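K.L.:
My questions all concern the structure below.
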Amino acid sequence: MNYLWAFMILTGVVFAAFHGTLPAVTQAALDSAKEAVTLCITMMGVMSFWVGLMKIAEKTGIIAGLSRRLAPVLHFLFPDIPKDHPANKYIATNMIANIFGLGWAATPAGLKAMEALAELEKERGNKAFSDEKTKKGERIASSEMCDFLIINISSLQIIPVNIIAYRSQYGSVNPAQIVGPALIATTCSTLTAIIFCKIRQNIYKI
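Under our numbering, the residue at position 150 of the sequence shown is numbered 150, and the numbers go up by one with no gaps.
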């Protein structure tokens with residue numbers, strides 16, 4: 001990606017130099033930088049509000065209660081993860097945050113889930129996850145890691161907070177109008193991800 005972005009930027013600068021529009025490129029860069037800062041401030045306010053609500057829900061035990069209710073769903077999606085394993089808690093927290101459109105809040109839980117799944121592979125005696133192999137960089141993703149990543153990317157969302165914030169920043173008359181279409185789209189993507197994962201699990205077992 002770094003090479004791709006560098007190539008695109010250099011191509012734009014060279015093209016502008018040949019056509020005598022370098023001042024326009026400079027002005028566009030300055031305007032974009034200003035807009036990026038403004039957008040970050042807006043997003044910081046929105047995300048701080050929702051992440052704060054998530055913290056309150058966590059402290060009051062709401063997240064723990066929802067995680068317990070998600071236990072049957074998690075067992076269906078990840079049948080080989082023991083019910084009392086810490087990975088279930090992190091996966092549930094990640095899914096809850098994603099459902100409420102809090103992608104930034106979901107990321108730490110997702111990373112913790114991957115770490116817990118790595119520990120699970122160590123417990124299973126998977127040599128690829130031993131300390132020696134890890135240092136050499138020879139570790140590969142486990143079956144549960146792949147399934148979790150696929151379902152996480154599909155990202156079922158009831159309230160797409162990020163998109164609502166973007167639409168509000170850019171002057172949308174009704175920023176929350178995206179909720180219905182986003183729910184339909186993410187429901188379809190999540191169902192597709194679940195079907196794919198279950199098919200993959202069956203093939204893997206064979």
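Even glycine gets a Cβ: it sits at the ideal position worked out from N, Cα and C. On a predicted model such as this, the values are computed, not experimentally measured, just so you know.
Tell me the residue span of the alpha helix (DSSP H) that contains Asn152.
P.N.:
Segment Ser143 to Ser154, the alpha helix (DSSP H) holding Asn152.
K.L.:
When burial is assigned at 16 or more other CB atoms within 10 Å of the CB, is Pro79 buried or exposed?
P.N.:
Classification for Pro79: exposed.
K.L.:
What whole-angstrom Cβ distance do Ala97 and Met54 have, given they're in contact under 8 Å?
P.N.:
About 6 Å; that satisfies the 8 Å criterion.
K.L.:
Tell me whether Pro160 is buried or exposed, calling it buried when 16 or more other Cβ atoms sit within 10 Å of its Cβ.
P.N.:
So Pro160 counts as buried.
K.L.:
Check the C-beta distance from Asn94 over to Ala109 and give it rounded, since I have them as a contact under 8 Å.
P.N.:
Going by Cβ atoms, the distance from Asn94 to Ala109 rounds to 4 Å, so yes, they are a contact pair.
K.L.:
In this structure, how does DSSP classify Ser172 when only helix, strand and coil are distinguished?
P.N.:
Here Ser172 sits in coil by DSSP.
K.L.:
With a floor of 4 residues, list each alpha helix (DSSP H) that falls wholly inside the stretch 16-87, ordered by position along the chain.
P.N.:
Listed in chain order, the complete alpha helix (DSSP H) runs (minimum 4 residues) inside the stretch 16-87 are 22-59, 62-69 and 71-77.
K.L.:
Report the three-state DSSP secondary structure of Pro160 (helix, strand or coil).
P.N.:
DSSP places Pro160 in coil when its eight states are reduced to three.
K.L.:
With burial defined as no fewer than 16 other Cβ atoms inside 10 Å of the residue's Cβ, what is the status of Phe148: buried or exposed?
P.N.:
By the 10 Å Cβ count, Phe148 comes out buried.
K.L.:
Here's the rule: buried if 16 or more other CB atoms are within 10 angstroms of the residue's CB, otherwise exposed. What is Cys40?
P.N.:
Classification of Cys40: exposed, given that the 10 Å Cβ count is below 16.
K.L.:
Since Cys197 contacts Ile150 with CB under 8 Å, what's their CB separation in whole angstroms?
P.N.:
Contact flag correct, Cβ pair sits at about 6 Å.
K.L.:
I believe Leu74 touches Ala92 by the beta-carbon criterion, under 8 Å. Please report the beta-carbon distance rounded to the nearest angstrom.
P.N.:
At roughly 6 Å, the Cβ-Cβ gap stays under 8 Å, so Leu74 and Ala92 are in contact.
K.L.:
DSSP three-state call for Ser102: helix, strand or coil?
P.N.:
The sequence shown places Leu at residue 102, not Ser. The answer is coil: DSSP assigns Leu102 none of H, G, I, E or B.
K.L.:
Can you look up Ile140 in the DSSP assignment and give me helix, strand or coil?
P.N.:
Ile140 falls in the coil class under three-state DSSP.
K.L.:
Taking DSSP as the reference, what is the three-state secondary structure of Met95?
P.N.:
DSSP places Met95 in helix when its eight states are reduced to three.
K.L.:
Classify Thr190 as buried or exposed, calling it buried when 16 or more other Cβ atoms lie within 10 Å of its own Cβ.
P.N.:
Thr190 should be labelled buried.
K.L.:
With a 10 Å radius around its C-beta and 16 neighbouring C-beta atoms as the bar for buried, classify Gly20 as buried or exposed.
P.N.:
Burial call: exposed.
K.L.:
Let's test the definition: count the other Cβ atoms within 10 Å of the Cβ of Thr192 and tell me whether it reaches 16, buried, or not, exposed.
P.N.:
Classification for Thr192: exposed.
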